[in-house]
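All remarks here apply to the structure that follows.
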Amino acid sequence: MLLRADLNVPLDQGVVADDTRIRASLPTIELLRDRGAGVVLVSHLGRPKGPDPELSMAPIGERLAELLGTEVKQAPAVVGDEVAALASALQPGEVLLLENSRFEPGETRNDPGLAEALASLAELYVNDAFGSAHRAHATTEGVAHHLPGYAGLLLEREVVELTAVRDDPERPLVIVLGGAKVSDKLGVIDRFLGFAEEILIGGAMCFSFFKTEGRDTGNSLVEEEGVESARRVLEESERSETILELPEDLIIGREFDARTERRELNGVDVPEGWMGLDVGSNTTANFGRRIAGAGTVFWNGPMGAFELEPFAVGTRAVAEAVAAAPGHTVVGGGDSVAALQSFGLAEAVDWLSTGGGASLELMEGRELPGVEALQDA
Ligand code: ADP
Ligand code: MG
């Protein structure tokens, strides 16, 4: 049994810094072991261009062994004779962790030879790596052409939860978007303009909208390529039933730095020499009311530069509103999920997606190659 999981976790000096994704993979690993499978486990880690000892799976194997309370054997490579011998010697309930799949250049190229070599390690393939399901790589897609492929528990739950929000939400549906760039979230805006009751926009992406409205943006982070898209979105929103809300006030600073001079701005015209780093209190009150009135909330992207403590206020307020909302709440996006966790609010949300890009692509209505390749898709 070959299990593709998403064990792509942050490392700090060779130690797992956040084991959320490892924990999220445990139910499927446990289920397969309980059913008597020897589990050959594979994941990518970071973005190596070839073998790189700094991105070895060894620390992940150690953490996984602690969480499972059992030995995790570590393979010296992704494929090859030695790996094949270890895989065929695997006893029921044992776990063998392959090396970082991106040590093989054929992984991202979805090389058929690599897919076949992976398939030769097992009789069945289970994909639980939702966070990588938007990529057609050898371990996420190619291998499923050579083995019967099934969805793991996490991948299945992600698809069910996100599809429910996308296609059959409890109304009103409120979409809250933030983060750095409009272009990252444009597909979601296009999908939900005319479908959601409300789209609330914060984060640096609002400056592309303000720019096209002819407002002063000072030194704010403005994605220039997003300005044209923002203009189109504003035009389309005029004609649609969806309410599109932008910030009405901001918190500004002189520089992207926690110690910078900080000022509350009544309005959104950013003066010369300043940058918008968070949304203001009227904005969070408005967004909070709308989130509280929602049947369903989908949130992706922080409201400001929340890594800087003085500019985390807006993101915290939205996180608290989402956590307290009586409606169904789903949060996706690496930074938004990290923000919720840092505020201790992760438990209060109905579904926290482990997939950043994958959850956005699913919400946009695009097919995910890693899901499409499975038998039960
Ligand atoms: P997610 O990972 O949740 O999808 P994004 O990656 O799209 O979120 O955006 C997160 C980044 O956006 C954070 O690093 C944050 O600092 C940045 N950001 C949000 N608002 C601002 C702002 N006003 N100015 C500068 N950076 C911002
Ligand atoms: Mg991010």
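For what it's worth, my numbering labels the leading residue of the sequence shown as 720, then goes sequentially.
Note that CB positions come from ideal geometry on N, CA and C, so glycine has one too.
As the crow flies, the alpha-carbon of Asp737 is around 16 Å from that of Gly1075. One Cα belongs to Arg958, the other to Ser948, and the distance between them is close to 16 Å. Straight across, the Cα-Cα distance linking Leu805 with Glu813 is about 11 Å. In the three-state scheme derived from DSSP, where H, G and I count as helix and E and B as strand, Asn1001 is classed as helix. Residue pairing of His853 in beta bridges, as defined by DSSP: absent, with no partner found. Taking 8 Å as the cut-off, the Cβ atoms of Gly906 and Glu960 do not count as close. With a cutoff of 8 Å on beta-carbon distance, Thr1073 and Leu873 are scored as near each other.
Look at Asp731 here: in three-state DSSP terms it is strand. A residue is called buried when at least 16 other Cβ atoms come within 10 angstroms of its Cβ; Ala1031 meets this threshold and is buried. Partner residues in the beta bridge of Val845, as assigned by DSSP, are Leu722, Tyr869. By the neighbour-count criterion, in which a residue is buried when 16 or more other Cβ atoms sit within 10 angstroms of its Cβ, Ala1043 is exposed. In terms of side-chain proximity, the C-beta atom of Asp725 is found no nearer than 7 Å to any non-hydrogen atom of the ligand MG. Remark: fewer than three beta-carbon pairs, one from each stretch, lie closer than 8 Å, so the stretch 879–890 and the stretch 758–768 are not flagged as touching. Counting only runs of 3 or more residues that sit fully inside the stretch 1046–1095, the beta strand (DSSP E) segments are 1047–1051, in chain order.
When the Cα atoms are used, Glu880 and Trp1070 turn out to be separated by approximately 7 Å. Contact between the stretch 1053–1060 and the stretch 1017–1037 is present, with at least three C-beta pairs closer than 8 Å. Rounded to the nearest whole angstrom, the CA to CA distance from Asp988 to Arg876 is 43 Å. Of the residues assessed, Pro811 falls on the exposed side of the cut-off, its CB having fewer than 16 other CB atoms within 10 angstroms. Our two residues, Val728 and Glu781, have alpha carbons roughly 13 Å apart in a direct line. Not one heavy atom of the ligand MG is found less than 7 Å from the C-beta of Gly913. The DSSP assignment places complete alpha helix (DSSP H) segments of no fewer than 4 residues inside the stretch 727–803 at 739–753, 777–787, in order along the chain. Nearest in C-alpha terms to Val1068, of all of Gly832, Val1050, Asn829, is Val1050. In this structure, DSSP gives Arg828 a helical state, which the three-state scheme calls helix.
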